[in-house]
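Chemist:
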Amino acid sequence: MAEAVIPNAVRERMDAWMRQGLKHFIDGKFVDSANGETFSVPNPATGQELTRCALGGKEEIDLAATAAARAFKTWGRMAPAERGKLLRRWAQLMIEHKDELNYLECMDVGRPIREGIAGYVERMAHNITFFADLAEKYYDEAFVLPGYTFYTNRQPVGVAGLITPWNMPQMLSTWKIGPALAAGNTVILKPAELTPVGCTRLAELAREAGIPDGVFNVVHGFGPDSAGAYLTMHPDVKLISFTGETTTGKVIMAAGAPTLKRVSFELGGKGNNIIFADADLEKALDVTMRAAFYNQGEVCLAGSRIFVEQPLYDQFLEALLARVKALRPGDPLDMNTTLGPVIAQEHFDRVMGFIDRAKAQGVQCLTGGGRAEGLPAPFDGGYFIAPTVFAAPDPSVEIVQEEVFGPVVSVTPFTDDEWVLDIINAGRYGLSSVVQGKDISRLHRMAQRLQSGNVWINSWFVRDLRVPFGGMKESGIGREGGMHSLDFYTELQTIGIPTA
Ligand code: ADP
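The sequence shown begins at 59 in our numbering and counts up by one.
1. In the DSSP assignment, find the unbroken beta strand (DSSP E) run with N330 in it and report its ends.
2. Would you say K248 touches the ligand ADP, meaning its beta carbon is less than 8 Å from a heavy atom?
3. Let's test the definition: count the other Cβ atoms within 10 Å of the Cβ of K308 and tell me whether it reaches 16, buried, or not, exposed.
4. Is W224 a contact residue of the ligand ADP, with contact defined as CB to any heavy atom under 8 Å?
5. Any idea if W518 is buried or exposed, counting beta-carbon neighbours within 10 angstroms, 16 or more meaning buried?
6. Would you kindly check if the distance between the Cβ of V400 and the Cβ of E356 is under 9 Å?
7. Compare the Cα-Cα distances from D198 to each of L263, T552, T557 and W514 and report the closest residue.
8. Is the beta carbon of K13 less than 9 Å from the beta carbon of T258?
9. Looking at C-beta atoms only, is the number of pairs between the stretch 103-117 and the stretch 175-193 that lie closer than 8 Å three or more?
10. Between E303, M504 and A176, which has its C-alpha nearest D480's C-alpha?
11. From A402 to T425, what distance separates their C-alpha atoms?
12. On a CA-only basis, which of A450, E367, A418 and G488 is nearest K496? Give me that one, please.
13. When you compare the CB positions of G536 and F323, do they come within less than 9 Å of one another, or not?
14. Under 9 Å between the Cβ atoms of F546 and S299?
15. Please list, in chain order, all residues of the same chain as E61 whose beta carbon is under 7 Å from its beta carbon, the five residues on each side excluded.
16. Measuring only the C-alpha atoms, how far is T301 from N225?
17. Using 8 Å as the cut-off, classify the Cβ of P282 as near or not near the heavy atoms of the ligand ADP, replying yes or no.
18. Using the C-alpha atoms, what's the distance from A349 back to P436?
19. Should V309 be counted as a contact of the ligand ADP given a C-beta to heavy atom distance under 8 Å?
20. Look at V167 and G398 and say whether their C-beta atoms are less than 9 Å apart.
21. Can you determine whether any heavy atom of the ligand ADP sits closer than 8 Å to the C-beta of L289, and answer yes or no?
22. Starting from the C-beta of T253, find all residues in its chain whose C-beta is less than 7 Å away, skip the five residues before and the five after it, and write them out in chain order.
23. Going along the chain, which residues of its own chain have a beta-carbon closer than 7 Å to the beta-carbon of M59, five neighbours each way excluded?
24. Are there any heavy atoms of the ligand ADP lying less than 8 Å away from the beta-carbon of E532, as far as the coordinates show?
25. Tell me whether L252 counts as near the ligand FAD, meaning its Cβ is closer than 8 Å to at least one heavy atom of that ligand.
26. Ignoring anything shorter than 3 residues, give me the beta strand (DSSP E) runs that lie fully in the stretch 259-313, in order along the chain.
27. If you run the structure through DSSP and keep just helix, strand and coil, what is S589?
28. Go to E549, then tell me how far its alpha helix (DSSP H) extends in each direction, as first and last residue.
29. Okay, do the stretch 359-376 and the stretch 463-477 touch, 3+ Cβ pairs below 8 Å being the bar?
30. Can you tell me which of the three DSSP states T222 falls into?
31. When every heavy atom of the ligand ADP is checked, does at least one fall within less than 8 Å of the C-beta of G327?
32. For S454 and I515, I'd like the C-alpha separation in whole angstroms.
33. Less than 6 Å between C-beta atoms, sequence neighbours within five positions excluded: which residues of the same chain meet that for E107?
34. Please name the residue, chosen from E266, T109 and E70, that lies closest to R46 on a Cα-to-Cα basis.
35. Can you tell me the Cα-Cα spacing of D294 and A250, whole angstroms?
36. Going by the C-beta, is A264 closer than 8 Å to any heavy atom of the ligand ADP?
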């Protein structure tokens, strides 16, 4: 079954490619680290080494920054249509190499291929073409007074540092690369150390597309005292767009302060899923399952705490448990697999820590609560956690308050909308919420009072690239999407001239 989805020839070619090890992409060349250091990249589905990757540090960031600053002098002054031609060629190559990119993402992250083939690479390519188009179409403003005229001019900012996480490496990287490059900046991408594979292949395709040397660079490495930290401190790097943990965001903000870098942060969250008693049960379950278990719950938007209005609670919980028990962990390349492994041993231990502490606190675990057992070799060595549901009538417990980032949900009954609002709005996160039901006024009333950057009614994770996206409170700073992205990736200048 797995072979039918990703052709064998593609798998063999990409396996051989991974065996060569991954290099940095600096100034149009694939290079090892100056000191020759590398690190091991795990395959989350088996626990075995997937490949090795060059480990970058200060020297590689310096080289990339020098190249990107030089390339900016021409890239930043090219007409948007000229940049657009190259960017569209790159996006086209992504589509042409769709099987490869899906396969690499599957190996990197462990996400089930059935989720990957559902338009993932197409959306990545769209992240590039959408912003290439937008950069060609936006216009400046003029303010014409008697005897004096002002007009605005958008300048690209310069070298952009993009730091991305491991949960959707190619999607979240292209989401930043698209607007950064289309607006005329040059880029240094620092992919997450757990998932450097797909973005390295994207760099090869960038070169094939003719993106000029130095315009797009990839430097691999860790965060603290490594490529990530040096990127955030480099004086030639003018902005940082970061997606990752809230604690990391705070460190990056401090590191960028001495050079006053502009930042855009998409940080942690504790996604809410509020289900009113009049909700259509089957539809609410469909939304809930996707919101909770897509990408094995490793999504900052995951609707991992579920609040169900009391009259529906028992019926909802029973139906939810039936659906959760039907999830199938296993080989991510198998189309029948509906739940992948979590990313690495360390993260496995972290998620298990949340589960164990919840149990120790007396929170009732209704299903799951441990390693997914019974998988055949080599997947018995993977980081599979059984999908887990807790009944949590008391929402003050850790499992309801903290971001778990795994296949774990809590379900809490409620009778009073104000009570739910108070619990949610008292939290430190404010990224995403789902509200489900039929009473239109009540749905909007709830949505408009939630301190969540994104609220989806009777749906989850529907994205349109024009729409602002981002978090409130400790879930982020700034909004990306459409013109909001271009606002971040450009400096808005005002020019005035007497006309009398
Ligand atoms: P996650 O748990 O999703 O990996 P992190 O915030 O730890 O979240 O990592 C997201 C990205 O941030 C990764 O690319 C990581 O290497 C990078 N990173 C982590 N710490 C730092 C840091 N101090 N400075 C710059 N980048 C960092």
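Built from N, CA and C at the ideal position, the CB exists for glycine as well.
Modeler: The answer reads as follows:
1. N330 to I333
2. yes
3. By the beta-carbon neighbour count (other beta carbons within 10 angstroms, threshold 16), K308 is exposed.
4. yes
5. With 16 or more other Cβ atoms within 10 Å, it is buried.
6. yes
7. T552
8. Outside the displayed span of the chain (59 to 558) sits residue 13, for which this structure offers no information.
9. The stretch 103-117 vs the stretch 175-193: no contact.
10. M504
11. 22 Å
12. E367
13. Yes, the Cβ-Cβ distance between G536 and F323 is below 9 Å.
14. yes
15. Its pLDDT being 47, under 50, E61 is placed unreliably by the model, and the measurement read from it follows with that caveat. For E61, where only same-chain residues beyond five positions count, there are no Cβ hits under 7 Å.
16. 10 Å
17. yes
18. 29 Å
19. It does: the Cβ of V309 is within 8 Å (strictly closer) of some heavy atom of the ligand ADP.
20. yes
21. Answer for L289: yes, Cβ within range of the ligand ADP.
22. Leaving aside the five residues that flank T253 on each side, the residues in its chain whose CB is nearer than 7 Å to its CB run, in chain order, D166, V167, W224 and P227.
23. For M59, the predicted model reports a pLDDT of 45, less than 50, meaning its position is unreliable; a value from the coordinates is still stated below. Answer for M59: D392, M393 and N394, listed in chain order.
24. no
25. Of the ligands one can find in the structure shown, namely the ligand ADP, none is the ligand FAD.
26. 274-276 and 295-301
27. Only positions 59 to 558 of the chain appear in this structure, which leaves residue 589 out of reach.
28. From DSSP, E549 is part of no alpha helix (DSSP H) but of the beta strand (DSSP E) over T548 to P556.
29. yes
30. Residue state, collapsed to three classes: coil.
31. No, since every heavy atom of the ligand ADP falls outside the 8 Å radius drawn around the Cβ of G327.
32. 25 Å
33. S98
34. Since the first and last residues shown for the chain are 59 and 558, residue 46 lies out of range.
35. 22 Å
36. no
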